[in-house]
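Below is one structure, written out as structure tokens, with a few remarks after it.
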Amino acid sequence: MSNLLLFPIIIPLIMATILMLFPNKIKMQRLVALISALVTLIASLFLLFKVYIDGIQVVTLGSWPAPFGISMVSDLFSALLVVTTSLIVLFVVLYSFPTIGIKREQSFYYPAVLFLLTGVNGAFTTGDIFNLFVFVEVLLMASYTLIVHGGERQQLRESIKYLLVNIISSALFVAAVALLYSVTGTLNMADLAVKIPQIENTGILTVIAVLFLVVFGFKAAIFPLYFWLPASYHAPPMPILALFGALLTKVGVYAIMRTYTLFFTMNVGFTHELLAIIAILTILAGCVGALAYFDVKKIIIYNIIIAVGVILFGVSQLNEAGVQGSILYLIHDMMIKAALFFLVGIVAVIFGTSNLRKMGGLMKTYPVLGWTYLVAAFGLAGIPPLSGFPGKLLIIQGGFEGPQFWGSIVILATSLIVLLSAVRIFIYAFWGEPVETEPLKKSAYHAMLIPSMLLVAVTVFFGVGAELFMPFVSGAAEVLLNPSLYIEAVFKE
Amino acid sequence: MEIIMSVVIGFLFMAAVYLMLSKSLIRIIIGTGLLSHGAHLLLLTMGGLGGEAPPVVADGVSVSDYADPLPQALILTAIVISFAVTSFFLVVAYRAYQELGTDNMELLKGTEDHE
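Which chain is which? The protein sequence lines are A and B, in order.
The working numbering puts the first residue of the first sequence at 1, with every later residue one more than the last.
The working numbering puts the first residue of the second sequence at 1001, with every later residue one more than the last.
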């Protein structure tokens, strides 16, 4: 038993608590937040290599034997996501320095970001479905703080709706957990994976599986439960939006991937086909939104929904290529969404608006920004050799090998729409007649551009060096496809 | 007993949905409170209401005599969380009322620039 897997959860928790003691010392706040994000990243990298070398890491809290205590399980999949999350939070903290404003920094902005990191890392690591609920509430509470942070009119207006939707989905989560407990008598994920195949009455379990899909679907923004997302995400300032877009929906996606591969496999013909159909509808709904709006934020926000659909389609195929592709694409999407929001944020600051129609001609004055954005946009659409390509390729391959080959065709077709929606921003904002821009200090511009460029560089490396990451990804997919590996690791402790 | 509890839970969910569909923000918040009460009672009921003896090992008490302790632990956690979220929601609602000058959800439809 090694406690290493608890560090990415505990470090930000302790640091956030310490940060709350001196809200007015901004330099200290920045420094401590940066250091804690960095230390969390290092701890999670250690964890990743530990898992890669020694296999799945398990801690059962209080040293109770497995189904009785709360298990924390770190397999390659969750370790990879924890690393990606910590990396993104590090960049968001860097990007926040020039953009978030002193007023917000003085009112517990960094503690809220670190609490969010605690919740997300916890949700990725936990091996108990009720504990997942608790960690989801931790991250939601932090996200409530962040979405309303600053208290602008627009934010207050949207945060009410965001709160309401999430409270309803949390209540449904508790109800779904209650029903699952009454049928199986356990909430430990590994124990569920043992007990569920023994239950003969699969009808009730199918209902529970669909109820969980609804619960996680609210968080992951799948069709038709994504309605709250575009307006809510539009309200907060850019670094918070990047954080939300990169991390929050992905927790829902992770929960669906975990539950639908580990134990809700009793009626694959129904549940996974439903998942595939919903995934495709999600992609189509996202495409409509991505083309319909002339607002740079909205366009990228709808791209979040498209990506959720693509990832879930890969999982629903339940074959090696599909699941590997989903994992690759999930990691790619977390990074590229954060990078795109960063870049679009700079564009919005330069023009003083997020309306595309009022933009133009940035290529002459800010060429580096333009080329960086173009690389990120191509990465989003999955143009080889950039980071979207290997994941999408595997997902499409998985679709053709699996039962829903038509889904792969839709994904191929919609890739063009994704490219169009991202390049449209490039055409409108960077080409054309120059429009009058807001004055921007060189130092502030560089402070925003450097973290964005670094993150884009990381995604490019992730795409070009996909072969390097494949052992990790295939190891992660192996555990997802063979629940027995997960079960053995948990009960061995 | 489980039947009565199921009816109560159903009634709570119904009342919650009714309240949440109204226009006034404060009614919606009360609705979310009722919704989480319903969910918590469901958790308790689904754990089984039987069992008179406390869950402590003692002579002459078999496993089937115990009350199931797990749902109680889960409910405690869920209650604390919903308490915190509800109080936060009330604060946000009050701030929103101060800032926007209304608690009528009909007027808060859509986004600011699409009015």
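All residues carry an ideal CB built from backbone N, CA and C; glycine is no exception.
(request) State the DSSP-derived secondary structure class of Tyr302/A, mapped to helix, strand or coil. (result) For this step, residue 302/A is matched to residue 302 along the first sequence. Correct three-state label for Tyr302/A: helix.
(message) Against chain A, does Met1046/B count as a neighbour if the rule is that its beta carbon must be under 7 Å from one of theirs?
(response) Here residue 1046/B is taken as the residue at index 46 of the second sequence, counted from 1. Chain A contact via Cβ: present.
(request) Name the one or two DSSP bridge partners that Asp495/A has. (result) Residue 495/A is absent from the model: chain A starts at 1 and stops at 493.
(request) Note down, in chain order, every chain A residue with its Cβ under 8 Å from the Cβ of Glu1099/B. (result) Numbered from 1 along the second sequence, position 99 holds the residue referred to as residue 1099/B. The contacting residues are Gly151, Arg153 and Leu156.
(request) Return the Cβ separation of Val375/A and Val456/A in integer angstroms, given the expectation that the two are a contact with Cβ distance under 8 Å. (result) As a position in the first sequence, residue 375/A is number 375, starting the count at 1. As a position in the first sequence, residue 456/A is number 456, starting the count at 1. Their Cβ separation, rounded to whole angstroms, is 6 Å, which keeps Val375/A and Val456/A in contact under 8 Å.
(message) Can you list, in chain order, the residues of its chain with a C-beta nearer than 6 Å to that of Arg357/A? Leave out the 5 residues immediately preceding and following it.
(response) Numbered from 1 along the first sequence, position 357 holds the residue referred to as residue 357/A. Here the set comprises Phe294.
(message) On the criterion of 16 or more Cβ atoms from any shown chain inside 10 Å, does Phe313/A qualify as buried, or is it exposed?
(response) Sequence index remark: in the first sequence, residue 313/A carries index 313 (1-based). With 16 or more Cβ atoms within 10 Å of its Cβ, Phe313/A is classed as buried.
(request) Could you please tell me which residues of the region 1051–1075 of chain B, in chain order, have their CB closer than 8 Å to any CB of chain A? (result) If the cut-off is 8 Å between Cβ atoms, the region 1051–1075 of chain B has Leu1070, Pro1071 and Leu1074 near chain A.
(request) Check the Cβ of Arg1095/B against every Cβ in chain A and list those closer than 9 Å, keeping chain order. (result) In the second sequence, the residue the question calls residue 1095/B occupies position 95. Ordered by position in chain A, the residues that pass the 9 Å Cβ test against Arg1095/B are Val148, Gly151 and Leu156.
(request) Quick one: measure Cβ to Cβ for Val368/A and Leu449/A, integer angstroms, because I've assumed they're closer than 8 Å. (result) As a first step, residue 368/A must be located in the first sequence, where it is residue number 368. As a first step, residue 449/A must be located in the first sequence, where it is residue number 449. Contact holds; Cβ gap of about 7 Å.
(request) Compute the distance between the beta-carbons of Ala242/A and Phe341/A, then report whether it is under 7 Å. (result) Within the first sequence, numbered from 1, the residue matching residue 242/A stands at position 242. Within the first sequence, numbered from 1, the residue matching residue 341/A stands at position 341. Yes, they are a contact pair.
(request) Note the first and the last residue of the continuous alpha helix (DSSP H) segment covering Ser36/A. (result) Looking up residue 36/A in the first sequence gives position 36. Taken as a continuous stretch (DSSP letters only), the alpha helix (DSSP H) holding Ser36/A covers Ile26 to Asp54.
(request) Determine the DSSP secondary structure at Ala1053/B, reduced to helix, strand or coil. (result) Taking the second sequence and counting its residues from 1, the one referred to as residue 1053/B is at position 53. Residue state, collapsed to three classes: strand.
(request) Anything in chain B within Cβ reach of Leu291/A, meaning under 7 Å, just list it in chain order. (result) Counted from its first residue, the first sequence places residue 291/A at position 291. By Cβ distance, chain B contributes nothing, its closest Cβ being about 18 Å from Leu291/A, past 7 Å.
(request) Flag Ile199/A as yes if its beta-carbon sits less than 7 Å from any beta-carbon of chain B, otherwise no. (result) The residue labelled residue 199/A in the question sits at position 199 within the first sequence. Taking Cβ atoms only, chain B never reaches closer than 7 Å to Ile199/A, which makes this a no.
(request) Mind the definition here: the region 407–421 of chain A touches the region 373–392 of chain A only if three or more C-beta pairs lie below 8 Å; say whether that holds. (result) A contact exists between the region 407–421 of chain A and the region 373–392 of chain A.
(message) So, for Glu1115/B: in the same chain, excluding its five sequence neighbours on each side, which residues have a beta-carbon less than 7 Å away from its beta-carbon?
(response) Here residue 1115/B refers to the residue found at position 115 of the second sequence. Because the pLDDT of Glu1115/B is 40, which lies under 50, any placement of that residue in the model is unreliable, and the question is left without a value.
(request) Rounded to whole angstroms, what's the CA-CA distance from Ile283/A to Pro224/A? Just pull it up for me. (result) Within the first sequence, numbered from 1, the residue matching residue 283/A stands at position 283. Within the first sequence, numbered from 1, the residue matching residue 224/A stands at position 224. Answer to the nearest angstrom: the Cα atoms are 11 Å apart.
(message) Within 7 Å of any Cβ in chain A, is that where the Cβ of Lys1109/B sits?
(response) Stepping through the second sequence from its first residue, residue 1109/B is reached at position 109. Lys1109/B does not count as touching chain A.
(message) According to DSSP, is Asn1104/B part of a helix, a strand, or is it coil?
(response) As a first step, residue 1104/B is located in the second sequence; it is residue number 104 there, counting from the start. For Asn1104/B, the secondary structure class from DSSP, reduced to helix, strand or coil, is strand.
(message) Using a Cβ-Cβ cutoff of less than 6 Å, which residues in the same chain neighbour Leu61/A once the five nearest sequence positions on both sides are dropped?
(response) For this step, residue 61/A is matched to residue 61 along the first sequence. Contacts found: Gly69 and Ile70.
(message) Less than 7 Å between CB atoms is the rule here; does Glu1006/B satisfy it with respect to chain A?
(response) Here residue 1006/B is taken as the residue at index 6 of the second sequence, counted from 1. According to the sequence provided, residue 1006/B is Ser. The question's Glu does not apply to it. Interface residue (Cβ-Cβ distance to chain A less than 7 Å): Ser1006/B is not classified as such.
(request) Mind the definition here: the region 170–188 of chain A touches the region 467–483 of chain A only if three or more C-beta pairs lie below 8 Å; say whether that holds. (result) no
(request) Check the Cβ of Ala142/A against every Cβ in chain B and list those closer than 8 Å, keeping chain order. (result) The residue you call residue 142/A lines up with position 142 of the first sequence. Residues of chain B passing the Cβ test: none, with the nearest at roughly 11 Å.
(message) Taking CB distances under 7 Å as the criterion, tell me whether Leu1019/B reaches chain A.
(response) The sequence position of residue 1019/B within the second sequence is 19, counting from 1. Among the CB atoms of chain A, none fall inside 7 Å of the CB of Leu1019/B.
(request) Evaluate Ile256/A with the Cβ neighbour count: other Cβ atoms within 10 Å of its Cβ, from every protein chain shown; 16 or more gives buried, anything less gives exposed. (result) As a position in the first sequence, residue 256/A is number 256, starting the count at 1. The residue in question, Ile256/A, is buried, as its Cβ has 16 or more Cβ neighbours within 10 Å.
(message) Within a Cβ cutoff of 6 Å, which residues of the same chain sit near Glu478/A, ignoring the five residues on either side of it in sequence?
(response) Taking the first sequence and counting its residues from 1, the one referred to as residue 478/A is at position 478. Within the same chain, Glu478/A has no close Cβ partners at all.
(message) For chain A, check one thing: does any of its Cβ atoms lie closer than 7 Å to the Cβ of Thr1032/B?
(response) One-based indexing of the second sequence puts residue 1032/B at position 32. Output row for Thr1032/B: interface = yes.
(message) Taking the alpha-carbon of Phe49/A as reference, which of Glu488/A, Gly475/A, Asn166/A and Gln324/A has the nearest alpha-carbon?
(response) Here residue 49/A refers to the residue found at position 49 when the first sequence is read from its first residue. If we check each option's Cα against that of Phe49/A, Gly475/A comes out closest.
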